[in-house]
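Residues in the sequence shown are numbered consecutively from 101, following the numbering used here.
Think of the CB as a built atom: it goes at the ideal place given N, C-alpha and C, for glycine as much as any other residue.
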Amino acid sequence: MMFSPRPMRYKSARKRKLPLFLFALLVAGIGWLANDNFGLIAKFQKEMLAYKISQLPAIISTAQAEEAPPAAQKITNVVRHISRETDRIRGGESLSAALARHDISNQESFQLAEALRKELNLRTIQPGDVFVLERQVEPAALVAPSVLVNTAPLYAFELVRSDGFGVPARYRAVREKAGVAAGSDSAFTVTRIDTPVTKVSRSISGKISSSLYEGILYAGGDPALVNRFSDVFAWQLDFYREVQKGDGFKMIVETRFADGRFIGYGRVLAAEYNNAGRQYRGFYFESDDGKFTGIFDEQGNSLEKSFLRSPMELARITSRYGQRFHPILRQQKRHNGVDYGASTGTPFWSIADGVVLEARYSLTAGKMIRIRHRNGFMTEYFHASRIAPGVKVGATIRQRQVIGYVGTTGRSTGPHLHFGMTLNKNYVDPSRQNFPAGKPVPSKLVKSYMSKVRPLAEKLEKIEVT
Ligand SMILES: [Zn+2]
101 MMFSPRPMRY
111 KSARKRKLPL
121 FLFALLVAGI
131 GWLANDNFGL
141 IAKFQKEMLA
151 YKISQLPAII
161 STAQAEEAPP
171 AAQKITNVVR
181 HISRETDRIR
191 GGESLSAALA
201 RHDISNQESF
211 QLAEALRKEL
221 NLRTIQPGDV
231 FVLERQVEPA
241 ALVAPSVLVN
251 TAPLYAFELV
261 RSDGFGVPAR
271 YRAVREKAGV
281 AAGSDSAFTV
291 TRIDTPVTKV
301 SRSISGKISS
311 SLYEGILYAG
321 GDPALVNRFS
331 DVFAWQLDFY
341 REVQKGDGFK
351 MIVETRFADG
361 RFIGYGRVLA
371 AEYNNAGRQY
381 RGFYFESDDG
391 KFTGIFDEQG
401 NSLEKSFLRS
411 PMELARITSR
421 YGQRFHPILR
431 QQKRHNGVDY
441 GASTGTPFWS
451 IADGVVLEAR
461 YSLTAGKMIR
471 IRHRNGFMTE
481 YFHASRIAPG
491 VKVGATIRQR
501 QVIGYVGTTG
511 RSTGPHLHFG
521 MTLNKNYVDP
531 SRQNFPAGKP
541 VPSKLVKSYM
551 SKVRPLAEKL
561 EKIEVT
């Protein structure tokens, strides 16, 4: 169906129809001009469509349009009109169910799934994923009841999925043969359109008033950044116990953008922490071939040691419990360990490589794990809600391997991890032990290391902590 420049048949309606007719002619004209660029005007046409349907349904009927002369039919074959519908996958809904809501036939839905499967695992489609349906509609459908739009063949389908880092990727399926008549029986071709991610480094700094977690959040960071920053000094400082009021932090961190939107922080390239007058600095380094990576000080000495300082992620500890378990009030000697307040189910890890000595239930310690390490050290982890699978007597454990989940089993007043360390069977303060460090930057990479680290160190120097 098409508007044609013939005189209106009903005199009484002429006055009302004339501006409408001109408007429709304008829409058709735009469609014709944009013949092969329909994607660009699709949005505009969708808006026109919405306008037309809501404003004018009573004036133009399908019966009238069917009487259009053959000349108008010819134009139909030239003009491509695309309607666009945007929606989201709903909870518990499959792709085919979502398509069915938009009156896509089983046959089309099947064709589409077959094509998409080549680029995308359909089981990864999640509620909230955005999809767009583009249908070729006959021009008259632009002003006709919406049922015409819904039964038109699918021209293209697009699904927008975010990867684990929040970067959107579009999966676009387009009919191999475009055309109103041929539409429904030709297959789809799928292309994946990645969103380029741009990285910009920026500096973040602040002073500690209560916790590093709060300090970094006040400075504009997020919980993931708290963990990344504390990871740089994971072998030097336990930010739960050792942070003091007035400490300062600085960092140069990658910020990531996709489609001009901030999608998150990337790597912490350089970090500084001033703890009670003592300065710690760490730099992330990756060799040009990507084979050598690590965290080092300004001279290229490794910051990585055989023992981590904390048995869980910092953001997990402080975000929920803050000052509830004030570490300084806990007496190391009488208590034989440190209590990390965290919610039930929070994973905790072994702070060093070792072998499981005990993994069992005890009346006082609840579900507990003891791990034997090199050089006479042993660590213990109490009150777990659950011990991780595979953590059994004799099992080999790696540094940072999750061995259990926080709970309040045994003699415990609330969910927390009790962590203790012994050296030759005597309880010791983990923060006072000296552990062997990892390998420094190899001599052949020192020049490359220095050329990357010096500018970062200079930048750190210039950051003001207020
Ligand atoms: Zn305890």
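Could you tell me which residues DSSP puts in a beta bridge with residue i?
i      : result
Leu222 : BP columns for Leu222 are empty, so no partner.
Leu233 : Glu185 and Phe257
Lys405 : Ala537
Leu212 : Bridge partners of Leu212: none, in fact.
His473 : Per DSSP, none; premise fails for His473.
Pro268 : Ser262
Ala358 : Val297 and Arg361
Met351 : Ile304 and Ala371
Glu480 : Arg470 and Gly520
Tyr380 : Tyr373
Tyr527 : Thr522
Pro447 : Tyr505
Val290 : Ala273
Thr612 : Nothing can be reported for residue 612, as the shown portion of the chain is limited to 101 through 566.
Among the candidates the options, whose CA atom is the shortest distance from the CA of residue i?
i      : options                           : result
Leu369 : Ser309, Asp187, Lys552 and Glu342 : Lys552
Gly266 : Gly514, Glu276 and Arg361         : Arg361
Ser209 : Pro253, Leu220, Thr224 and Pro227 : Pro253
Gln336 : Asp294, Ser462 and Arg532         : Arg532
Glu413 : Arg328, Ala484, Phe349 and Gly507 : Arg328
Pro536 : Arg188, His516 and Phe477         : Phe477
Ala334 : Met550, Ser402, Arg470 and Leu212 : Ser402
Tyr340 : Ile293, Tyr461, Lys467 and Asp439 : Asp439
Ala455 : Ile204, Tyr461, Gly490 and Val274 : As written in the sequence, residue 455 is Val, which differs from the Ala given in the question. Comparing Cα positions, the closest option is Gly490.
Val457 : Thr496, Leu199, Gly441 and Asn436 : Per the sequence shown, residue 457 should be read as Leu rather than Val. Nearest C-alpha to Leu457: Thr496.
Gly494 : Gly520, Asp453, Thr508 and Thr522 : Asp453
Val230 : Ile204, Leu195 and Lys218         : Leu195
Val405 : Gln236, Glu214, Ile417 and Gln499 : Correcting the residue identity first, residue 405 is Lys in this sequence and not Val. Ranking the options by Cα distance to Lys405, first place goes to Gln499.
Lys218 : Ser311, Ala465, Phe288 and Tyr527 : Phe288
Leu216 : Pro268, Val290 and Arg235         : Val290
Val528 : Gly437, Gly191 and Ile189         : Gly437
Arg184 : His202, Ala197 and Arg190         : His202
Ser330 : Arg416, Lys559 and Val237         : Arg416
Asn475 : Arg302, Phe407 and Ser205         : Phe407
Lys467 : His473, Leu517 and Ala442         : Leu517
Ile451 : Tyr461, Ile469, Ala442 and Ser443 : Ile469
Lys544 : Ser303, Ala273 and Gly400         : Gly400
Lys525 : Asp388, Ser443 and Ile471         : Ile471
Helix, strand or coil for residue i? Go by DSSP, reduced to three states.
i      : result
Met412 : coil
Gly454 : strand
Gln336 : coil
Arg217 : coil
Glu87  : Since the first and last residues shown for the chain are 101 and 566, residue 87 lies out of range.
Pro555 : helix
Leu369 : strand
Pro169 : Because Pro169 carries a pLDDT of 35, less than 50, the predicted location of this residue cannot be relied on, and the following value inherits that uncertainty. Coil at Pro169, not helix or strand.
Ser485 : coil
Gln399 : coil
Leu149 : Confidence at Leu149 is low in this model, with a pLDDT of 40, below 50, so its placement is unreliable and the value that follows should be read with caution. Looking at Leu149 - three-state DSSP - the assignment turns out to be helix.
Ser462 : strand
Leu493 : The question names Leu, but residue 493 is Val in the sequence shown. The answer is coil: DSSP assigns Val493 none of H, G, I, E or B.
Gln499 : coil
Arg275 : strand
Asn436 : coil
With 16 other CB atoms within 10 Å as the buried threshold, where does residue i fall?
i      : result
Leu222 : exposed
Pro83  : The question about residue 83 has no answer, for the chain in this structure spans 101 to 566.
Asp347 : buried
Gly570 : Because the chain in this structure spans residues 101 to 566, residue 570 falls outside the shown range and cannot be described.
Leu463 : exposed
Ala324 : exposed
Lys562 : exposed
Asn375 : buried
Ile293 : exposed
Glu214 : exposed
Arg275 : buried
Ser371 : Note that residue 371 is Ala in the sequence shown here, rather than Ser. By the 10 Å Cβ count, Ala371 comes out buried.
Gln211 : buried
Lys350 : buried
Gly192 : exposed
Ser309 : exposed
Thr566 : exposed
Tyr384 : buried
Gln236 : buried
Glu564 : exposed
For this session: Evaluate the contact criterion for the region 252 to 265 versus the region 315 to 332: three or more CB pairs, one atom per stretch, below 8 Å.
Result: Taking 8 Å as the limit for Cβ pairs, the verdict is that the region 315 to 332 does not touch the region 252 to 265.
Exercise. Do the region 484 to 495 and the region 547 to 563 make contact, defined as three or more Cβ pairs closer than 8 Å?
Worked result: Flag = no, the region 484 to 495 and the region 547 to 563 do not touch.
Exercise. Taking three-plus beta-carbon pairs below 8 Å as touching, is the region 493 to 506 in contact with the region 445 to 452?
Worked result: Because the criterion of three Cβ pairs below 8 Å is met, the region 493 to 506 and the region 445 to 452 touch.
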